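Trainee: In this note's numbering, the protein residues as written are 93 to 467. Cβ coordinates follow ideal geometry from the N, Cα and C atoms, glycine included. Every value quoted in this text rests on a predicted model; they were computed, and no experiment measured them.
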Amino acid sequence: MSNNSCFGSAFTKYSNTVAGHNDLLSNEEGDFLVKPTNPTEILFYEQSCKNPDFCDFLPTFYGTLQLQNNTSCEASSLPQVQHICFENIVSTYKNPSIIDIKIGTRLYDDDASQEKIKKMQIKAKQTTSSTLGVRICGLRVYKNTTSLQNNLLSDLSCNSDSVDSLQSSLLIQNSCIQDITCIPITRQSDYCRKLNNSTLADELDFFFSNISDTPLFKAYRSYLLDSIVDELQNFLELINTLEFRLYSSSLLIVYESDINTIIDLNSKMNFFQIDLLQKPTDHNIKLLDTNFKGYLDSDKYDGCGFNTNTGTHHNDSDSASDISDYGSTNDIAHTELYDFRAIDFAHSKWTPGIGPDEQYIFGIKNLIDILLKLK
Numbered sequence: 093m094s095n096n097s098c099f100g101s102a103f104t105k106y107s108n109t110v111a112g113h114n115d116l117l118s119n120e121e122g123d124f125l126v127k128p129t130n131p132t133e134i135l136f137y138e139q140s141c142k143n144p145d146f147c148d149f150l151p152t153f154y155g156t157l158q159l160q161n162n163t164s165c166e167a168s169s170l171p172q173v174q175h176i177c178f179e180n181i182v183s184t185y186k187n188p189s190i191i192d193i194k195i196g197t198r199l200y201d202d203d204a205s206q207e208k209i210k211k212m213q214i215k216a217k218q219t220t221s222s223t224l225g226v227r228i229c230g231l232r233v234y235k236n237t238t239s240l241q242n243n244l245l246s247d248l249s250c251n252s253d254s255v256d257s258l259q260s261s262l263l264i265q266n267s268c269i270q271d272i273t274c275i276p277i278t279r280q281s282d283y284c285r286k287l288n289n290s291t292l293a294d295e296l297d298f299f300f301s302n303i304s305d306t307p308l309f310k311a312y313r314s315y316l317l318d319s320i321v322d323e324l325q326n327f328l329e330l331i332n333t334l335e336f337r338l339y340s341s342s343l344l345i346v347y348e349s350d351i352n353t354i355i356d357l358n359s360k361m362n363f364f365q366i367d368l369l370q371k372p373t374d375h376n377i378k379l380l381d382t383n384f385k386g387y388l389d390s391d392k393y394d395g396c397g398f399n400t401n402t403g404t405h406h407n408d409s410d411s412a413s414d415i416s417d418y419g420s421t422n423d424i425a426h427t428e429l430y431d432f433r434a435i436d437f438a439h440s441k442w443t444p445g446i447g448p449d450e451q452y453i454f455g456i457k458n459l460i461d462i463l464l465k466l467k
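#1: Straight-line CA distance for residue 274 to residue 350?
#2: What's the gap between the Cα of residue 130 and the Cα of residue 453?
#3: Anyone know if the C-beta pair for residue 284 and residue 337 falls short of 9 Å?
#4: Have a look at the DSSP bridge pairing and note the partners of residue 175.
#5: Is DSSP giving residue 144 helix, strand or coil here?
#6: Output the residue ranges of the beta strand (DSSP E) runs that lie fully inside the region 177-245 and measure 3 residues or longer, sorted by chain position.
#7: Under DSSP, the beta strand (DSSP E) around residue 440 begins and ends at which residues?
#8: Please report the residue range of the beta strand (DSSP E) in which residue 348 lies.
#9: Can you tell which of 210, 128 and 332 has its C-alpha closest to the C-alpha of residue 113?
#10: Please name the residue in 184, 147, 104 and 139 whose C-alpha comes closest to that of residue 430.
#11: Here's the rule: buried if 16 or more other CB atoms are within 10 angstroms of the residue's CB, otherwise exposed. What is residue 133?
#12: Tell me the rounded alpha-carbon separation between residue 173 and residue 450.
#13: Residue 330 lies in the beta strand (DSSP E); which residues open and close that run?
#14: Once DSSP output is grouped into helix, strand and coil, what is the label at residue 281?
#15: Output the distance between the C-alpha atoms of residue 104 and residue 125, rounded to the nearest integer angstrom.
#16: Suppose you measure from the CA of residue 233 to the CA of residue 458; what does that come to, to the nearest Å?
#17: Checking the sheet assignment: what are the DSSP bridge partners for residue 104?
#18: Between which two residues does the beta strand (DSSP E) holding residue 436 run?
#19: For residue 110 versus residue 231, is the C-beta distance shorter than 9 Å?
#20: Give every residue of the same chain whose Cβ lies closer than 6 Å to the Cβ of residue 235, excluding the five residues on either side of it in the sequence, and list them in chain order.
#21: So, helix, strand or coil for residue 338, using DSSP?
#22: Give me the DSSP bridge partner(s) of residue 137.
#23: With distances taken from CA atoms, which of 157, 192, 204 and 443 is nearest residue 66?
#24: Mark residue 237 as exposed unless 16 or more other C-beta atoms lie within 10 angstroms of its C-beta, in which case mark it buried.
#25: Could you tell me how far apart the beta carbons of residue 155 and residue 177 are, in whole angstroms, since I believe they sit closer than 8 Å?
#26: Alpha carbon to alpha carbon, how far is residue 435 from residue 447? Give it in angstroms, no decimals.
#27: Ignore the nearest five residues each way along the sequence and tell me which others in residue 401's own chain have a CB closer than 8 Å to its CB.
#28: When the Cα atoms are used, what is the spatial distance from residue 280 to residue 193?
#29: Using CA coordinates, which residue listed in 353, 215 and 313 is at the minimum distance from residue 287?
#30: Beta carbon of residue 289, beta carbon of residue 343: below 9 Å?
#31: Of the residues 115, 300, 120 and 460, which one's Cα is nearest the Cα of residue 329?
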């Protein structure tokens, strides 16, 4: 789709970035972004639309536009260059933890000048781009400022004297979790460029570290890592069959860090059942009604009445009817709890007949290996 207007929207400068994209604009609703582009990126998006499987891993592409001088737009002073419009994948998150990871060992395209090639080769050698094909460009992650003195769920005994004592403990845990305060911590590009192979893995561990030390959020971390690794493996399998060159392209990974959203969503998905608490009005059990089934310690909790025999897949048939109003559980999790997309194609081209992009594949494989070691 191509359009020479701003779709009737007032654009403002978009500030929720983690890797120095200071030229991004957003519409008033915040659900799509506008970025200055070049013919190479436009062509790549347009040709990618012919491969729906690959498009699933990209932000939805809405087309191109030219910013007009008479448009109500904070960036009206920008030069009249062509822009692309695409989905803002973080717009639905309350507290999005975001990381921008550049993939591949080569940071320049075939049209680069000798000066640019030399500069990019030096940059790659000075960072993990050359050794891993993976470089963190920037991140923002939410961390809690409240230290829980007692991990009450870990202390729950499967030999509880009564349902009342278990219910009381869950109510206290509910209060503790709701009181956790999270603040964003940002790693700028200057900091990230200094990472080596070891500290890059540490930084990814930091990005995915627990929101709190409760079993629920330990399970959430495991769930996120498992889900994202699974999707990366699907992505790897796909790109092994495609013929393009992705130079200086990134992956954007986002997950929800808002505690109430996580708890509420998993309550709706209703994967866990606490058989000891059978009163329909006992909404406090939502803390353990989690779609992270299989991630809590089954040996520890089976005796308490948890149903841990349903596996770890999102599309569990026993749960599907409970959440029919929300779509499939996999769709819910992917759009509301986590997401990842390939972005930044200013130096990318479809190249039929020359095989897959091995330097990009090298980076994806290494990223998967690092994340597997964090699990």
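Mentor: In short, the structure shows the following:
#1: 8 Å
#2: 25 Å
#3: no
#4: 128 and 157
#5: helix
#6: 188-195 and 226-236
#7: 440-442
#8: From DSSP, the beta strand (DSSP E) with residue 348 extends over 341-348.
#9: 128
#10: 184
#11: buried
#12: 33 Å
#13: Careful: residue 330 lies outside any beta strand (DSSP E), inside the alpha helix (DSSP H) at 307-331.
#14: helix
#15: 10 Å
#16: 22 Å
#17: 118
#18: Note, residue 436: premise wrong, no beta strand (DSSP E); not H, not E.
#19: Contact: yes.
#20: 277
#21: strand
#22: Its beta-bridge partners do not exist; DSSP assigns none.
#23: Nothing in the structure corresponds to residue 66, since the chain is present only between 93 and 467.
#24: With fewer than 16 Cβ atoms within 10 Å of its Cβ, residue 237 is classed as exposed.
#25: Rounded to whole angstroms, the Cβ separation of residue 155 and residue 177 is 6 Å, and the two are in contact under 8 Å.
#26: 21 Å
#27: For residue 401, the pLDDT reaches just 31, beneath the cut-off of 50, and the residue's location in the model is therefore unreliable, although a value from the coordinates is still provided. Sequence-distant Cβ neighbours of residue 401 in its own chain, meaning closer than 8 Å and more than five residues away, do not exist here.
#28: Those two C-alpha atoms are separated by around 12 Å.
#29: 215
#30: Taking a C-beta distance under 9 Å as the contact criterion, residue 289 and residue 343 do not qualify as a contact pair.
#31: 460
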